[in-house]
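**Q** Pasting in a structure now, in structure tokens, and then I'll have a few things to ask.
2 protein chains.
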Amino acid sequence: MQRVTNCIIIDNGHLLLLKKPRRGWYAIPGGKMEQGESIKESVVREYREETALTIHDPELAGAFTFSIYENDSLVHEWMMFTFICKTYEGTLTDYCAEGVLKWIPVEHIHDLPMAEGDRKIFEHVLANKSMLYGSFSYTEDFELLNFRLDSSAS
Amino acid sequence: MQRVTNCIIIDNGHLLLLKKPRRGWYAIPGGKMEQGESIKESVVREYREETALTIHDPELAGAFTFSIYENDSLVHEWMMFTFICKTYEGTLTDYCAEGVLKWIPVEHIHDLPMAEGDRKIFEHVLANKSMLYGSFSYTEDFELLNFRLDSSAS
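Chains as they are written, first to last, in full-length UniProt numbering: chain A, 1 to 154; chain B, 1 to 154.
Here you go:
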């Protein structure tokens with residue numbers, strides 16, 4: 001099963017996002033876990049590879065299950081672990097193979113094109129400090145079929 | 001990839017643990033995630049199935065990657081998500097197919113036989129409120145080969 005880790009850096013009212021070429025949608029920078037990594041090791045490595053930035057003390061903000069359906073059949077399932085981070089070091093790379101990295105003012109996030117489920121994740125994670133748990137079902141064309149979200153009580 | 005969720009209930013200075021028949025080792029009650037579940041949905045369902053107790057507001061305390069090696073070859077990898085919980089309802093089942101459920105005084109935990117990595121997880125989770133991230137490598141006979149643990153800064 002594929003497992004993805006990613007991280008929302010918040011710096012001076014801006015978030016670092018990745019505009020992906022295929023649909024022009026914005027996504028949270030990150031990537032696939034490698035064998036034997038913890039989720040935290042993975043997010044630090046992936047973030048550095050994609051952005052050249054080293055994140056400090058990323059904290060897990062959400063854990064999500066994704067199910068992809070073609071007609072009524074499950075074709076793919078993966079998990080995503082989303083961290084949040086306010087301190088980092090390094091200089092943002094000029095070139096990212098995955099798309100274009102952009103600092104976006106927090107108040108503009110909701111105007112950006114993105115996967116519908118990602119929008120719901122942003123809504124929660126930027127407004128709450130509690131962990132978010134969720135499950136999303138999408139079509140192969142990334143149309144959101146249904147979702148469940150649950151935040152911890154603390 | 002197999003994914004396991006489990007939960008440490010703390011009630012009046014006691015933890016509910018499962019003594020498994022094979023080695024007589026104590027483990028945290030829980031079980032395998034099912035397709036489409038979030039990790040929180042999984043832990044509530046698994047805990048109810050194994051103990052007949054309904055846990056309230058479980059909070060994620062740790063996320064772990066396990067790699068099992070035979071000689072120098074990786075033969076199995078899975079993930080475990082460990083929650084902690086202080087409130088629940090229901091009456092503990094008289095019969096659990098997986099082993100014997102026992103309330104153990106917290107101060108006796110470290111005397112119990114258990115997987116070496118689980119002991120390290122207990123040491124951290126009972127002493128800290130921060131999230132624990134880790135990766136463990138075991139032999140097929142559950143001898144701990146190496147591990148890395150990292151807790152969040154908060």
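Virtual Cβ for every residue (Gly too), placed ideally from N, Cα, C.
Closest to residue 157 (chain B) by CA distance: which of A:Ile84, A:Leu15, A:Lys20 is it?
**A** There is simply no residue 157 (chain B) to check, as chain B begins at 1 and stops at 154 in what is shown.
**Q** Whole angstroms are fine: how far does the CA of Ser135 (chain B) sit from the CA of Asp11 (chain B)?
**A** The residue given as residue 11 (chain B) occupies position 11 in the second sequence. The residue given as residue 135 (chain B) occupies position 135 in the second sequence. So the two alpha carbons sit approximately 28 Å from each other.
**Q** Give me whichever residues DSSP pairs with Pro29 (chain B) in a beta bridge.
**A** Counted from its first residue, the second sequence places residue 29 (chain B) at position 29. Answer is none; Pro29 (chain B) lacks a bridge partner.
**Q** Taking 7 Å as the CB-CB cut-off, is Ser135 (chain A) touching chain B?
**A** Indexing the first sequence from 1 puts residue 135 (chain A) at position 135. So yes, Ser135 (chain A) belongs to the interface.
**Q** Tell me which residues of the stretch 126 to 151 of chain B have at least one Cβ-Cβ distance to chain A shorter than 8 Å, keeping chain order.
**A** Answer in chain order: Met131, Tyr133, Gly134, Ser135, Ser137, Arg148, Asp150.
**Q** Cys96 (chain B) and Glu50 (chain B) - do their beta-carbons sit closer together than 7 Å?
**A** Walking along the second sequence from the start, residue 50 (chain B) turns up at place 50. Walking along the second sequence from the start, residue 96 (chain B) turns up at place 96. Taking 7 Å as the Cβ cut-off, Glu50 (chain B) and Cys96 (chain B) qualify as a contacting pair.
**Q** What is the DSSP secondary structure of Tyr95 (chain B), counted as helix, strand or coil?
**A** Along the second sequence, one-based indexing puts residue 95 (chain B) at 95. Coil at Tyr95 (chain B), not helix or strand.
**Q** Look at the Cβ atom of Arg3 (chain A), then the Cβ atom of Met79 (chain A), and state whether they are nearer than 7 Å.
**A** To locate residue 3 (chain A), count along the first sequence from 1; it is residue 3. To locate residue 79 (chain A), count along the first sequence from 1; it is residue 79. A contact, by the Cβ cut-off of 7 Å.
**Q** Within 10 angstroms of the Cβ of Ala61 (chain B), are there 16 or more other Cβ atoms? Answer buried if so, exposed if not.
**A** Here the question's residue 61 (chain B) lines up with position 61 in the second sequence. Result: buried.
**Q** Of all the CB atoms in chain A, is at least one closer than 7 Å to the CB of Leu28 (chain B)?
**A** For the purposes of this step, residue 28 (chain B) is taken as the residue at position 28 of the second sequence. Residue identity check: residue 28 (chain B) is Ile in the sequence provided, not Leu. Judged by the 7 Å Cβ criterion, Ile28 (chain B) is not in contact with chain A.
**Q** Does any residue of chain B have a CB that is nearer than 7 Å to the CB of Ser59 (chain A)?
**A** The residue given as residue 59 (chain A) occupies position 59 in the first sequence. This sequence places Glu at residue 59 (chain A); Ser is not what is there. With 7 Å as the cut-off, Glu59 (chain A) counts as an interface residue toward chain B.
**Q** Rounded to a whole number of angstroms, what is the C-alpha to C-alpha distance between Pro58 (chain A) and Leu132 (chain A)?
**A** If you number the first sequence from 1, residue 58 (chain A) lands on position 58. If you number the first sequence from 1, residue 132 (chain A) lands on position 132. In a straight line, the C-alpha of Pro58 (chain A) is about 15 Å away from that of Leu132 (chain A).
**Q** Ignoring anything shorter than 3 residues or poking outside the UniProt domain "Nudix hydrolase" (1 to 127) of chain A, list the beta strand (DSSP E) runs there in chain order.
**A** Segments of the beta strand (DSSP E) lying fully in the UniProt domain "Nudix hydrolase" (1 to 127) of chain A: 2 to 11, 14 to 19, 30 to 32, 54 to 56, 59 to 70, 73 to 85, 87 to 89, 100 to 105.
**Q** Under 8 Å: do the stretch 20 to 30 of chain A and the stretch 90 to 108 of chain A share three or more Cβ pairs, one atom per stretch?
**A** They touch, by the three-pair rule.
**Q** Please state whether the Cβ-Cβ distance between Leu15 (chain B) and Leu101 (chain B) is less than 7 Å.
**A** As a position in the second sequence, residue 15 (chain B) is number 15, starting the count at 1. As a position in the second sequence, residue 101 (chain B) is number 101, starting the count at 1. Not in contact: Leu15 (chain B) and Leu101 (chain B) (Cβ atoms no closer than 7 Å).
**Q** In this structure, how does DSSP classify Asp150 (chain A) when only helix, strand and coil are distinguished?
**A** As a working mapping, residue 150 (chain A) is identified with position 150 in the first sequence. Strand at Asp150 (chain A).
**Q** Answer with yes or no whether the minimum CB distance from Thr5 (chain B) to chain A is below 7 Å.
**A** Translated into the one-based positions of the second sequence, residue 5 (chain B) becomes position 5. Chain A, which has no Cβ nearer than 7 Å to the Cβ of Thr5 (chain B), makes this no.
**Q** Look up Leu144 (chain B) in the DSSP assignment and give the residues it is bridged to.
**A** Numbered from its first residue, the second sequence carries residue 144 (chain B) at position 144. According to DSSP, Leu144 (chain B) bridges with B:Tyr138.
**Q** Select from A:Thr5, A:Trp103, A:Thr54, A:His110 the residue whose C-alpha is nearest the C-alpha of Ile39 (chain A).
**A** Residue 39 (chain A) sits at position 39 when you count from the first residue of the first sequence. Answer by Cα proximity: A:Thr5.
**Q** Can you find a CB in chain A that lies within less than 7 Å of the CB of Met1 (chain B)?
**A** On the second sequence, position 1 is the one that residue 1 (chain B) refers to. Judged by the 7 Å Cβ criterion, Met1 (chain B) is in contact with chain A.
**Q** Would Ala9 (chain A) pass as an interface residue toward chain B - the criterion being a Cβ-Cβ separation below 7 Å?
**A** What you label residue 9 (chain A) is simply residue 9 of the first sequence in a count that begins at 1. The residue you asked about is not Ala; residue 9 (chain A) is Ile in the sequence shown. Chain B, which has no Cβ nearer than 7 Å to the Cβ of Ile9 (chain A), makes this no.
**Q** For the stretch 69 to 84 of chain B, list every residue whose C-beta sits within 9 Å of some C-beta in chain A, in sequence order.
**A** Those residues of the stretch 69 to 84 of chain B that come within reach of chain A (Cβ to Cβ, closer than 9 Å) are Leu74, Glu77, Met79, Phe81.
**Q** Do we get a CB-CB distance below 7 Å when we pair Phe66 (chain B) with the residues of chain A?
**A** Locating residue 66 (chain B) in the second sequence gives position 66, counting from the first residue. Chain A contact via Cβ: absent.
**Q** Measure from the C-beta of Gly117 (chain B) to each C-beta in chain A and report whether the shortest distance is under 7 Å.
**A** In the second sequence, residue 117 (chain B) corresponds to position 117, counting from 1. No, because no Cβ of chain A sits closer than 7 Å to the Cβ of Gly117 (chain B).
**Q** From B:Met33, B:Leu112, B:His108, B:Thr139, pick the residue whose C-alpha is nearest to that of Thr82 (chain B); which is it?
**A** For the purposes of this step, residue 82 (chain B) is identified with residue 82 of the second sequence, where counting begins at 1. Residue B:Met33 is the option with its Cα nearest to Thr82 (chain B).
**Q** Whose Cβ in chain B lies nearer than 7 Å to the Cβ of Lys40 (chain A)?
**A** For this step, residue 40 (chain A) is matched to residue 40 along the first sequence. Here the neighbours are Tyr133, Asp150.
**Q** Alpha carbon to alpha carbon, what distance is there between Asn146 (chain B) and Glu37 (chain A)?
**A** Position 37 of the first sequence, counted from the first residue, corresponds to residue 37 (chain A). Position 146 of the second sequence, counted from the first residue, corresponds to residue 146 (chain B). Straight-line Cα distance between these residues: approximately 13 Å.
**Q** Going by Cα to Cα distance, which pick from B:Ile8, B:Glu41, B:Glu46, B:Ala115 is closest to Lys20 (chain B)?
**A** As a position in the second sequence, residue 20 (chain B) is number 20, starting the count at 1. Of the listed residues, the one whose Cα sits closest to Lys20 (chain B) is B:Ala115.
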